[in-house]
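Colleague: Once you've had a glance at the structure underneath, I'll fire off some questions.
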Amino acid sequence: MEFKYDVIVIGAGHAGCEAAAAAANMGSKTCLITMDMNKVAQMSCNPAVGGIAKGQIVREIDALGGYMGLVTDKTAIQFRILNRSKGPAMWSPRAQCDRNKFIWTWREILENIPNLSIWQDTVKEIIVENGEITGLKTFWDVTFHAKCVVITAGTFLNGMMHVGKTQLAGGRMAEPPSLQLTESITKFGIRSGRMKTGTPVRIDGRSVNFQLMATQDGENDHHKFSFMNTSLRHLKQLQCWTCYTNEEVHRVLREGLNESPLYNGQIQSIGPRYCPSIETKIVTFPDKNQHQLFLEPEGETTQELYLNGFSSSLPMDIQIQALRKIPAFSNIEIYRPGYAIEYDYFDPTQLKHSLESKIIKNLFFAGQVNGTTGYEEAGGQGLIAGINAHINCHGGEPFTLARDEAYIGVLIDDLVTKGVDEPYRMFTSRAEYRILLRMDDADMRLTEKGWKLGLVKADRYELYRNKKNIVNEIINFTRTYSIKPSLINETLESYNTAPLKHGCKLIDLINRPQITIENIALHIPSFKRVLDEIKDSRKEEIIEAAEIQIKYEGYIARERMIAAKLSRLESIKIKGKFNYTDIQSLSTEARQKLIKIDPETIAQASRIPGVSPSDINVLLVLSGR
1 MEFKYDVIVI GAGHAGCEAA AAAANMGSKT CLITMDMNKV AQMSCNPAVG
51 GIAKGQIVRE IDALGGYMGL VTDKTAIQFR ILNRSKGPAM WSPRAQCDRN
101 KFIWTWREIL ENIPNLSIWQ DTVKEIIVEN GEITGLKTFW DVTFHAKCVV
151 ITAGTFLNGM MHVGKTQLAG GRMAEPPSLQ LTESITKFGI RSGRMKTGTP
201 VRIDGRSVNF QLMATQDGEN DHHKFSFMNT SLRHLKQLQC WTCYTNEEVH
251 RVLREGLNES PLYNGQIQSI GPRYCPSIET KIVTFPDKNQ HQLFLEPEGE
301 TTQELYLNGF SSSLPMDIQI QALRKIPAFS NIEIYRPGYA IEYDYFDPTQ
351 LKHSLESKII KNLFFAGQVN GTTGYEEAGG QGLIAGINAH INCHGGEPFT
401 LARDEAYIGV LIDDLVTKGV DEPYRMFTSR AEYRILLRMD DADMRLTEKG
451 WKLGLVKADR YELYRNKKNI VNEIINFTRT YSIKPSLINE TLESYNTAPL
501 KHGCKLIDLI NRPQITIENI ALHIPSFKRV LDEIKDSRKE EIIEAAEIQI
551 KYEGYIARER MIAAKLSRLE SIKIKGKFNY TDIQSLSTEA RQKLIKIDPE
601 TIAQASRIPG VSPSDINVLL VLSGR
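What the sequence shown shows, in the UniProt record's numbering, is residues 1 to 625, in sequence order.
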């Protein structure tokens, strides 16, 4: 049997769902192929979305017209803003979700997108003719013809799971691996490698003594992931809990290290640096006598709990023995053990910024197959790959995001420019323009782009325009409204800030850290009327966005100026212009790296590790600059 599509997406994880939805919503006839239709957008590890920098990525996906933010809001059972003690540029939303309702919500969305079909099967081979992808074959002996294919296979490519010395082929617990596909791709010269990740034990909540644990409550203010004006919390909000390991736990773990696949040579690949297993923690930090653990619900009605911080691949009995040394877990029962999984990934330096392969035309890669870790990083890549797959089918310039436009842009540029030698996770520290990439303004940065692409629908675009107009009205009022000392000094003193010696504009007062728009409006009737006239249900969100723009104005202007200067280097195209082997004035390392990466621009070349400023000067001279 044969089928024909514009775009085919292999794998229905977080990258695959966003990729398929984007391509179909833009008008491409799209097919999403998955091994199990009941596991679309499965949260393979923690049933949570967001976190530091990751939350910003989800807001960016939403601003462009993707779905992860909407699905998270609908299925969240606890919501929090991380980094509250820092400035707004560092704030990051995070939500605990109902794992099963997350899947069902995504599936309902996918099944109602015109142009999108879903096929349950396993892909075994891609079809390439004259350096261009033309289709694929499945294990059910079905041939699919396509103009573009997006690979989003997650951890399933030759996946191998480990619990102690026991090894089992699979892409996830009780799910088979994807075999043969890696080999059908690498035979065309695409480089692959192996990486490792892991997940913790799942606990039966009926066996936990919650009285011996500290509670961690969520927040119920106006914050959410999506910029759409949906209700804040759809499901019952639940608690999480915290506790600590102890020396007895560590003793049991240390005694079992000889049976750990991480330390007996069974696992050879590299795991995520910033999400280490519990056995790695006790080996790396032998002086620490405790490590914090977070017990998090898997859903609104289930007894299953996720033990964040206790990822492990030790034998099952050792995991249970160690856990029972924690007072709250003395009678613990589990649903399944923690395990490690090794899987194939492909070298992302062989990709363009559009996530299209440099080797096989119209073949795209997104998500964990590019060496990243995290649902959010996968979703962001999937969205960009799906957009560009559609563009390749129907004509147009590739859609890319710069480092000063989005965390998604930082992520992709890091992957294709620097590559990976361990699972890549996004942090705010990876972005040099993080004041421009705040969670509050992702819609201001990206919704216009999504509208032009055809991803953002009219209702979302209208909400964006309303918010933008109201924010501008608030800021313009503060710029023009004059304040007299005699009318405001008593109020300023009540807020522990210095009184005025001379008159000033309202915006100057709001710039003070002790002053907020809402508290100063209580004392300025005309300003309060401006705020009272805001009828939008997102009123608090809009006022917060205006206040952040006011308080950050100088920093924002400075970062934009720096970004503008560096953008000059982005305009200098060098791909295909030089034979780097012949440029002896470049360092040996620079020649090797430039040949491997083959950068598009001078700016990208400058970000390649091992390419020095003097090497960039050589390229500038040769470019006639």
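Heads up, the beta-carbon is just placed ideally off N, CA and C, and yes, glycines get one too.
(1) Hey, out of Ile391, Ala406, Ile517 and Thr301, whose CA is closest to Val150's CA?
(2) Starting from Ile334, trace the beta strand (DSSP E) in both directions and tell me its first and last residue.
(3) Which residue comes first and which comes last in the beta strand (DSSP E) that contains His145?
(4) DSSP has Pro93 in a bridge; who is on the other side?
(5) Could you give the DSSP three-state label for Asp317: helix, strand or coil?
(6) As a quick exercise: from Cys148, Phe139 and Thr122, pick the residue whose alpha carbon is nearest that of Glu132.
(7) Starting from Val471 and walking both ways along the alpha helix (DSSP H), at which residues does that stretch end?
(8) Which residue comes first and which comes last in the beta strand (DSSP E) that contains Gly309?
(9) If contacts are defined as beta-carbon pairs under 8 Å, then Ile602 and Leu620 qualify, I think. What distance do you get, rounded to the angstrom?
(10) On the premise that Met439 lies in contact with Pro93, defined as a C-beta separation below 8 Å, what is that separation, rounded to the nearest angstrom?
(11) Are the segment 413–420 and the segment 339–348 touching, with three or more C-beta to C-beta distances below 8 Å?
(12) Have a look at Glu129 and Arg273 and give me their C-alpha separation to the nearest angstrom.
(13) For the pair the segment 333–340 and the segment 200–212, tell me if three or more CB-CB distances fall below 8 Å.
(14) Pull the bridge partners of Ile270 from the DSSP assignment, please.
(15) Gly256 and Leu314 - do their beta-carbons sit closer together than 7 Å?
(16) When the Cα atoms are used, what is the spatial distance from His222 to Leu168?
(17) One question on the structure: do Lys565 and Glu600 come within less than 7 Å of each other, judged by their Cβ atoms?
(18) Is it true that the CB of Leu32 sits closer than 7 Å to the CB of Val9?
(19) Evaluate Thr301 with the Cβ neighbour count: other Cβ atoms within 10 Å of its Cβ, from every protein chain shown; 16 or more gives buried, anything less gives exposed.
(20) Alpha carbon to alpha carbon, how far is Gln120 from Tyr552? Give it in angstroms, no decimals.
(21) Taking the alpha-carbon positions, what's the Trp241 to Ile597 distance?
(22) Could you check if Glu342 is buried or exposed, using at least 16 other CB atoms within 10 Å of its CB as the buried criterion?
(23) Just tell me which of Thr497, Tyr244 and Arg251 has its CA closest to the CA of Gln290.
(24) What residue ranges within the segment 523–602 form continuous beta strand (DSSP E) runs of no fewer than 3 residues, ordered along the chain?
(25) Between Leu262 and Gly170, what straight-line distance do the alpha-carbon atoms span, to the nearest angstrom?
(26) Tell me which same chain residues have a C-beta within less than 6 Å of the C-beta of Arg191, skipping the five on either side of it?
(27) Enumerated in chain order, which unbroken segments of the alpha helix (DSSP H) with a length of 4 residues or greater are wholly contained in the segment 5–35?
(28) Pair every Cβ in the segment 431–438 with every Cβ in the segment 399–414, then say whether three or more of these pairs are closer than 8 Å.
(29) Measuring CA to CA, which of Glu247, Gln268 and Asn308 is closest to Cys275?
(30) Enumerate in chain order the residues of its own chain whose CB-to-CB distance from Tyr481 is below 6 Å, with the five nearest sequence positions on each side excluded.
(31) How should Thr284 be labelled, buried or exposed, when 16 other C-beta atoms within 10 angstroms of its C-beta is the threshold for buried?
(32) On a Cα-Cα basis, can you pick out the residue from Ser311, Lys457 and Asp532 that is closest to residue 628?
(33) For Tyr138, report the span of its beta strand (DSSP E) as first-last.
(34) Would the segment 28–43 count as touching the segment 75–91 if we require 3 or more Cβ pairs under 8 Å?
(35) If you drop the 5 nearest sequence neighbours on each side, which residues of the same chain put their C-beta closer than 6 Å to that of His234?
(36) Nearest to Glu589 by alpha carbon, out of Arg107, Ile608 and Cys393?
Modeller: Quick look at the numbers:
(1) Ile391
(2) Ile334 to Arg336
(3) Thr143 to Ile151
(4) Ile81
(5) helix
(6) Cys148
(7) Ala458 to Thr480
(8) Glu304 to Ser311
(9) 7 Å
(10) 6 Å
(11) yes
(12) 39 Å
(13) yes
(14) Met195
(15) yes
(16) 45 Å
(17) no
(18) yes
(19) exposed
(20) 49 Å
(21) 46 Å
(22) buried
(23) Tyr244
(24) none
(25) 18 Å
(26) Asp347
(27) 14–25
(28) yes
(29) Asn308
(30) Leu506
(31) exposed
(32) With the chain running from 1 to 625 in the structure shown, residue 628 is simply not present.
(33) Reading off the sequence shown, one finds Thr at residue 138, where the question assumed Tyr. Glu132 to Thr138 is the extent of the beta strand (DSSP E) around Thr138.
(34) no
(35) Lys74
(36) Ile608
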